[in-house]
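Here is the structure we will look at, set down as structure tokens.
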Amino acid sequence: MTPRLTFVLVSYGRRDLVVTCLKTLAEHTPAPYDVIVVDSASPDGTGEWLEQNLSDATVLRMEKNLGFGAGCNLGVQHARTELVCFLNADVEVRDGWLDPLLSFLDDHSEVGAVAPVMLNSDGSVQESGSLIGGDGWCRAWEDASFPREVDYASAACLIVRRKAFHQAGGFSPEYEIAYFEDVDLQLALRQRGWQTWVIPQSTVEHARHGSSSSERATELMRLNHGVFQRRWADELAKRPAVTSLDEWPHRALWLRDRNAPYRVLLIDDRVPQADRGRGDPRTAAVVDSWIEAHPNARVTFFAVSAERLEEYAPRWQAKGVEVVHGVTDLEAWSRSRAGLYDVIVAFRPHNYANYGVPIARSQPQAIRVYDSEALFHRRPEQHFEHSVDSAERRHHAIEAARLREEEQSAFRWADVAVCVSEEEAEWARRVAPETPAHVACYPIVTPDEVPGVEGREGIVFFGGFDNTPRTPNEFAVLELANEVLPGLRERHPGLTLRVVGADPSPNVLALHGGLNEVVGRVPDPRPWLSAARLHVVPMRFGAGVKIKFVDSMSAGLPFVTTPVGAEGLHLGAYARHLVGESPAEMVELCDRMLRDDALWSDVQQEMLRICREHFSADGFRRSMAKVLLDCGIA
Amino acid sequence: MREPTSRTIGAFALWTSSDLPGFGDQLISRLTERELLRRLPGWRATWYAPLGWTRPIPEDGGYVAAPLGDHGSERIEQIAASADASVLTPTFPLGAARADWLYPDGAAHSYFAEGLDPEAERTHPLISSCVRIADEPPVELVTALARQPYLTVRDRRSCDRLAAAGLSGDIPVVPHPALLLDGLVDAEALRTRTQHLRQLGVLPEDGSVVVVQSTELPLDAVRDFLAADHVVEMPGGLVLEDRLAVLQAASAVIATDEHVAAACAALGTPWALYDPTGEERWPALEFGSPKQIVERADRITDAISAGLRFSASSEHAKRAVATHFDRVAAAIEQAFAARGGDLTRRLADLAEENNALRHAQWRLRDRMLVERQKLADTLGEAWREVAAAKADAERARNELAMAQTQFRELRNEIDRLALDSRELDALRNTKLLRWSQPVREVYGKIKGS
Chain B
1 MTPRLTFVLV SYGRRDLVVT CLKTLAEHTP APYDVIVVDS ASPDGTGEWL EQNLSDATVL
61 RMEKNLGFGA GCNLGVQHAR TELVCFLNAD VEVRDGWLDP LLSFLDDHSE VGAVAPVMLN
121 SDGSVQESGS LIGGDGWCRA WEDASFPREV DYASAACLIV RRKAFHQAGG FSPEYEIAYF
181 EDVDLQLALR QRGWQTWVIP QSTVEHARHG SSSSERATEL MRLNHGVFQR RWADELAKRP
241 AVTSLDEWPH RALWLRDRNA PYRVLLIDDR VPQADRGRGD PRTAAVVDSW IEAHPNARVT
301 FFAVSAERLE EYAPRWQAKG VEVVHGVTDL EAWSRSRAGL YDVIVAFRPH NYANYGVPIA
361 RSQPQAIRVY DSEALFHRRP EQHFEHSVDS AERRHHAIEA ARLREEEQSA FRWADVAVCV
421 SEEEAEWARR VAPETPAHVA CYPIVTPDEV PGVEGREGIV FFGGFDNTPR TPNEFAVLEL
481 ANEVLPGLRE RHPGLTLRVV GADPSPNVLA LHGGLNEVVG RVPDPRPWLS AARLHVVPMR
541 FGAGVKIKFV DSMSAGLPFV TTPVGAEGLH LGAYARHLVG ESPAEMVELC DRMLRDDALW
601 SDVQQEMLRI CREHFSADGF RRSMAKVLLD CGIA
Chain R
1 MREPTSRTIG AFALWTSSDL PGFGDQLISR LTERELLRRL PGWRATWYAP LGWTRPIPED
61 GGYVAAPLGD HGSERIEQIA ASADASVLTP TFPLGAARAD WLYPDGAAHS YFAEGLDPEA
121 ERTHPLISSC VRIADEPPVE LVTALARQPY LTVRDRRSCD RLAAAGLSGD IPVVPHPALL
181 LDGLVDAEAL RTRTQHLRQL GVLPEDGSVV VVQSTELPLD AVRDFLAADH VVEMPGGLVL
241 EDRLAVLQAA SAVIATDEHV AAACAALGTP WALYDPTGEE RWPALEFGSP KQIVERADRI
301 TDAISAGLRF SASSEHAKRA VATHFDRVAA AIEQAFAARG GDLTRRLADL AEENNALRHA
361 QWRLRDRMLV ERQKLADTLG EAWREVAAAK ADAERARNEL AMAQTQFREL RNEIDRLALD
421 SRELDALRNT KLLRWSQPVR EVYGKIKGS
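Protein chains in written order, with the numbering used here: chain B, 1 to 634; chain R, 1 to 449.
Right under this line is the structure:
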């Protein structure tokens, strides 16, 4: 197999380090590779020894010590592979270090260089890329939680596309033996449109056994710093000084994110848990839209709660999302990022009030987006309508008024609003006529073919319960079990019910037994929805579009629900077959859907059509593109 | 953005000789790709070469070409499916005998001699761009070239050879693509590479340099004629950037191949062509003067002399190359449309994208105006505060001045009183007052009673 990668090492004495480095490399790098060792005129005979003893490497010897940059240039001149990896002899690679870097390069043709995270011998992060300050000094960045484009990453271990290296002219010979030439190279790459990324999935240990004495190192650093400042004066003039970062911490984040085309802060209850309902699948789709609009965008997700953070945050971080959580001093946190964000998106009214508004104070430049997810005041209004207890009714009335006011305030606060249905967007436009309100509901992939009526059986209830009593889904499933099913089972003895959804509450768990099965959380609901004959949800409380019904429609599973459940689903004339108010009405509708195969098939086709027309991934993408456009992002 | 329902972005393939170490092999591939992508932005370009990545070489500079592979139906189908059209742009002449083939075991010879096959080329046309033709081209090649929608050569002799072999029709002769070299490697990178080559001793550290591609030449005479400090043989094993750096750093170049001569013409480096084979002169005549080309080494100074006068390539020749690439791009677009690509939709998409960008820009501008207004208001507020502060300061200064005046007056009064007090004390200490004290007291009592 032809190698894709050449390791270029420059030695100056310490042949033991070179040998150990190559040995470790061989142990942890299964793919074929070439090795070129350039000896920079080591005074202790290292070059000669390497030439005689390294049988699997090309050893080049320079006549005088021209340093790291010249050595690397010479090495690359002899390389024949697509990629070269500059490797210091004091770097110890680890198992699986190479694949994430190569995969990233393969997937991103605009990336010219990638680096792993450098670790100290105690496992702490030594460097996850570095910042370049306006004073020409650099500072290592130590947060290695997500991959990102960096100003530069140390050439102690750096993979570069050979063609990008040559386009940039290679390491500049203007520098003395060491220091700053790798910073220079990566600015030269960037100037030519190439990016440098650090990929945290790859780590190596860097012992930092430099060959120069510290006095000599200081002198070289001083000299090369001057060269660097002279060569990149225009670029440095645009940046804050590294020496000012301790006094003004927000400047560090400015430097970190200065290459991002836009910086967006998304604020929601928790890191989206797409397989757990509660509006999270939609939030996940919205976050994806912000990520996909530009691969270099800095997307920061502010999770108010740390709920299941360890389980769900890594998959977002792997996509390049910075996940923030556990902030105790909101004001200090906001100030540490003063002026950073181009856009702030607050999901749900309580996050707008508790986090969006205070954070926006330190981000006066940011465009404010309020993503309502649903109109929350509708729920207490519904409780008010259904409740018979006067104290409860008073409580719900007060709560509805408070939430209505909060939501009105949120839509007025926002520069751009996003709703999940046209009806809700209309309300938003009425209360905040100055704010453009977009509709972006929920994207779903509808398969070309779904199972027909044959082989389907039983009823399914699909929805998350949050292991909490008195949630809308708990009310709904209890009404189904206690008020709809008995009547229905009189007509369809043996009719089974499966309750599918994460974190069932004790009341829901208590339904399990006999013809009822409480399945709980499933990784993918589609097989359950594809096997059932009917989805029944007597939903009395809730606002916006209920994603469970969109999932149901895309699986070709007809459902029966209430007017609250059917909101925003574009059912049109078919609502008469699917939407009932009272339990008795629902029994009738369910009965018909269970008996009439022709009607069932007709409804199924209509549901698939609705899904393709109103809930397609393309439609969602187009809607979100409009939101981004209104934020000035194209 | 609308979701495309049909293909609006296409792909083209380049059949190159980039897996050979020659300067021209690298140069023509890179230039052709750049020129076509400039005209077909966003398209995908795939490089093919006889051996491709199965035999990587340092000279390829890390540009990866896929191997053409066996000339079997499966591979032909794969190549045809990978792009809308293929552009043939090798440096070696088409139609060379298998025995003269530059690759081992005749690898990929059939591709360049026969094309794909008539069936595959119906939907995936081949376009020969600035190729050369070997002497007495075989009939398979002539048949294959006759199928091509656009065929150009880079020298008149190739044109004549095809005509002699029976290929009818007008075959345009286009000057060497290297004439469009400008910007292929940016000036800063070339400067860095030159420094690097000097550092490594490939180029002398200082002084003027004449670069030669052949040591058969009378080097001393050349050096003396040009009053150069050094004569350097064109180094081998370098990537394109390094070789361009060498050519740019030279005060003159004596080339032995058309590619180096063309690159010098583009770079503005005086050049002469020593052509003992009589083959290299033909393409060079399309961009240089006949006087710059000699077949005998002892005539080289005459050629150099001419080179010093005619170094720069003509704008006319550059325009001809640019027009040629316009036509190649148009031919590729036609192939794309014939395969179901939607050029109209592409325009519509671009218009929509343009609208989106304008909208985003308008929103940002709107935002910027609001921010500017806020900034100006804040500044205005600050200016008012500064003006008020200045007035306050002025007032305070005046008050201070008045206070200082009053202070001075008080001080004077105090001084005067102090003087009076001292005089009074002195008076009280006189003998007259002391001795008359009893008398005055008595007088006082009498007056008081």
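Ideal Cβ positions, reconstructed from N, Cα and C, are used throughout, including at glycine.
Close beta carbons around residue i, own chain, < 8 Å, minus the five adjacent residues each side
| i | result |
| --- | --- |
| Ala-647(B) | Residue 647(B) lies beyond the residue range present for chain B, which begins at 1 and ends at 634; the question has no answer from this structure. |
| Pro-504(B) | Phe-465, Asn-467, Val-518 and Gly-520 |
Residue i, buried or exposed, once every other Cβ within 10 Å from all chains shown has been counted against 16
| i | result |
| --- | --- |
| Glu-322(B) | buried |
| Arg-609(B) | exposed |
| Arg-193(R) | buried |
| Arg-2(R) | Legend: pLDDT at Arg-2(R) = 42, less than 50; position of this residue unreliable, value from coordinates given subsequently. Looking at its Cβ environment, which holds fewer than 16 other Cβ atoms inside 10 Å, Arg-2(R) is exposed. |
| Asp-415(B) | buried |
| Trp-383(R) | exposed |
| Gln-446(R) | Per the sequence shown, residue 446(R) should be read as Ile rather than Gln. By the 10 Å Cβ count, Ile-446(R) comes out exposed. |
| Ile-132(B) | buried |
| Glu-59(R) | buried |
| Arg-231(B) | buried |
| Gln-437(R) | exposed |
Neighbourhood of residue i by C-beta distance below 7 Å, restricted to the same chain and skipping five residues each side
| i | result |
| --- | --- |
| Lys-318(R) | Leu-179 and Leu-180 |
| His-383(B) | His-396 and Phe-541 |
| Ala-322(R) | Leu-180 |
| Glu-441(R) | none |
Contact with chain B by residue i, beta-carbon distance below 7 Å
| i | result |
| --- | --- |
| Gly-183(R) | no |
| Tyr-48(R) | no |
| Thr-450(R) | Residue numbering for chain R in the displayed model covers 1 to 449; residue 450(R) lies beyond these limits and cannot be assessed. |
| Pro-58(R) | yes |
| Glu-241(R) | yes |
| Arg-363(R) | yes |
| Trp-43(R) | no |
| Ser-17(R) | no |
| Gln-458(R) | No information on residue 458(R) is available, as it lies outside the stretch 1 to 449 that chain R covers here. |
| Thr-54(R) | yes |
| His-196(R) | yes |
| Ala-189(R) | yes |
Proximity test, Cβ basis, 7 Å: residue i and chain R
| i | result |
| --- | --- |
| Gly-193(B) | no |
| Thr-81(B) | yes |
| Thr-468(B) | no |
| His-78(B) | yes |
| Asn-259(B) | no |
| Ser-172(B) | yes |
| Lys-23(B) | no |
| Leu-253(B) | no |
| Asn-53(B) | no |
Close Cβ partners of residue i (< 6 Å) along its chain, the five nearest in sequence each way excluded
| i | result |
| --- | --- |
| Val-185(R) | Glu-241 and Leu-244 |
| Pro-477(R) | The structure shown does not extend to residue 477(R), since chain R spans only 1 to 449, so no value can be given for it. |
| Lys-548(B) | Phe-462 and Gly-463 |
| Thr-435(B) | Phe-411, Ala-414 and Ala-417 |
| Gly-134(B) | Leu-236, Arg-239, Pro-240 and Ala-241 |
Ignoring anything shorter than 3 residues or poking outside the region 278-305 of chain B, list the beta strand (DSSP E) runs there in chain order.
-> 298-303
Legend entry - Residue ranges of each beta strand (DSSP E) within the region 39-85 of chain R, 3 or longer: 44-49
For the region 348-382 of chain R, enumerate the residues whose C-beta is nearer than 7 Å to any C-beta of chain B, in chain order. Ala-356, Leu-357, His-359, Ala-360, Arg-363, Leu-364, Arg-367 and Glu-371
Listed from N- to C-terminal order along the chain, which residues in the region 59-77 of chain R have their beta-carbon within a distance smaller than 9 Å of any beta-carbon of chain B?
Glu-59, Asp-60, Gly-61, Gly-62, Tyr-63 and Val-64
Could you name the residues of the region 353-369 of chain B whose beta carbon sits closer than 7 Å to any beta carbon of chain R, in the order they occur along the chain? Gln-365 and Ile-367
task: Note down, in chain order, all residues in the region 219-252 of chain R with a beta-carbon under 8 Å from any beta-carbon belonging to chain B.
output: Gly-237, Leu-238, Val-239, Leu-240, Glu-241 and Asp-242
Query raised in the report: In the region 55-79 of chain B, which residues sit with their C-beta less than 7 Å from some C-beta in chain R, listed in chain order?
Result: Leu-66, Ala-70, Asn-73, Leu-74, Gln-77, His-78 and Ala-79
Report task. Determine which residues of the region 432-452 of chain B have a Cβ less than 7 Å from any Cβ of chain R, and write them out in chain order. Result -> none
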